[in-house]
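Numbers 1 to 330, taken from the UniProt record's numbering, label the letters of the sequence shown in order. The block underneath contains the structure these notes are about, expressed in structure tokens.
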Amino acid sequence: MNALERYQTPTIALAIAGGLVAGQFSGIPSIADRLILPFLLVMLFGAFLQIPLADLHAAVGNRRVAGASLAINFVWNPLLAVGLGFVFLQDQPALWVGLLMLLVTPCTDWYLIFTDLADGDVALATSLLPYNLVLQLLLLPVYLAVFAGELVTLPLETLAESILLVLVIPLGAAAIGRVAFSRHFDESVVEETLLPAFGPVQIVFLALAIAAMFASQSTVLVANPGVLALLAVPVLAFYTLTFLLGLVVSAVGGFSYEETVCLTCTILSRNSPTALAIAVVAFPHEPLVAMALVIGPLLELPLLHVVTRLLCRLRDRPRWARTSVGTGVE
């Protein structure tokens, strides 16, 4: 983990502060608004470049963990997001939609770091990554149409265009990039040098996009200073309930400690940058949708650090006598 990755939370906080300050100067908001999407596209290209879509078959070897992860991510989490929004955000439909977009999009990068920090099965976690990406690409429009259609105006054509623009195009470009790298460099150079170099690029352009967004919407934020507090309660409830569910499922399924860490980090980590890119294009007149997705990482990353510490404390329990599970293949 490089320095930028280690300090992503304060980096995002600084980007927010810088954006708010810059947004007070005349002319800056309109310029910043035009920079958000290009910054996000560069960030997504860097993220997708590191996703091994060719390894889709690898998770089939551990059907128990893969099945539990997919069921929780794509059935439990969407239903929980709707329930939490109903309880806590009925009076804030745009924030409710932002919360929904945050909680139904599983992470495609960060969860690997936290899996490794807690000594989980990183190989198994990596094999789940392409499924998380492909399924959220297919299901996000469905979730929004079913659960969010009555909350905000949902332009289905714009939503489809936004997914094509911010997911399919960067993903296709990244796939071409991986092929080009493979043809011109040894695999070890690609995996150990070239691809890791894009990690800091992702964070830099995510921070730039966030700064631009807050600069462009500074007046909205000044008018809604309690957004962070409104989101904190449902997000904390999500992490608590889903963490406990992961432990219960792991116990019932007889998962090893390493498998439990893999499952827990996979079902808790969220893909806010991708959801943010879609929200910027699909909901240009509902800035609070995107704001919810910007604020999400400020809450998520500290909570994930707490989760890894809790898992490390639990690993000495008798039923989790640590074994080497390799790739998790049974």
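All C-beta atoms, glycine included, are put in the ideal place defined by N, C-alpha and C. None of the values given here were measured: they were computed from a predicted structure.
| Check | Outcome |
| --- | --- |
| Beta-carbon separation (whole angstroms), residue 303 vs residue 239, contact threshold 8 Å | 5 Å |
| Proximal residues to residue 174 (C-beta, below 6 Å), its chain only, five neighbours per side dropped | 45, 48 and 49 |
| Residue(s) in a DSSP beta bridge with residue 270 | 106 |
| Minimum C-alpha distance to residue 19 - residue among 100, 220 and 87 | 220 |
| Status (buried if at least 16 other CB within 10 Å, exposed otherwise) for residue 214 | buried |
| Which of helix, strand or coil DSSP assigns to residue 202 | helix |
| Reference residue 27; option with closest CA among 127, 199, 138 and 217 | 217 |
| Environment of residue 226 [buried if 16+ CB atoms lie within 10 Å] | exposed |
| Nearest-angstrom beta carbon gap, residue 308 and residue 114 [assumed within contact, 8 Å] | 5 Å |
| Residue closest to residue 199, alpha-carbon to alpha-carbon, out of 112, 88, 92 and 83 | 112 |
| Member of 30, 33 and 43 whose CA lies at the smallest distance from the CA of residue 207 | 43 |
| Start and end residues, alpha helix (DSSP H) containing residue 118 | Note, residue 118: premise wrong, no alpha helix (DSSP H); not H, not E. |
| Segment contact, 8 Å Cβ cut-off, at least three pairs: the region 271 to 283 with the region 21 to 41 | yes |
| Backbone secondary structure at residue 254 - three-state DSSP | coil |
| DSSP-derived helix/strand/coil call for residue 259 | helix |
| When 189, 180 and 102 are compared against residue 77, the one with the closest alpha-carbon | 102 |
| Where residue 34 falls: helix, strand or coil (DSSP) | helix |
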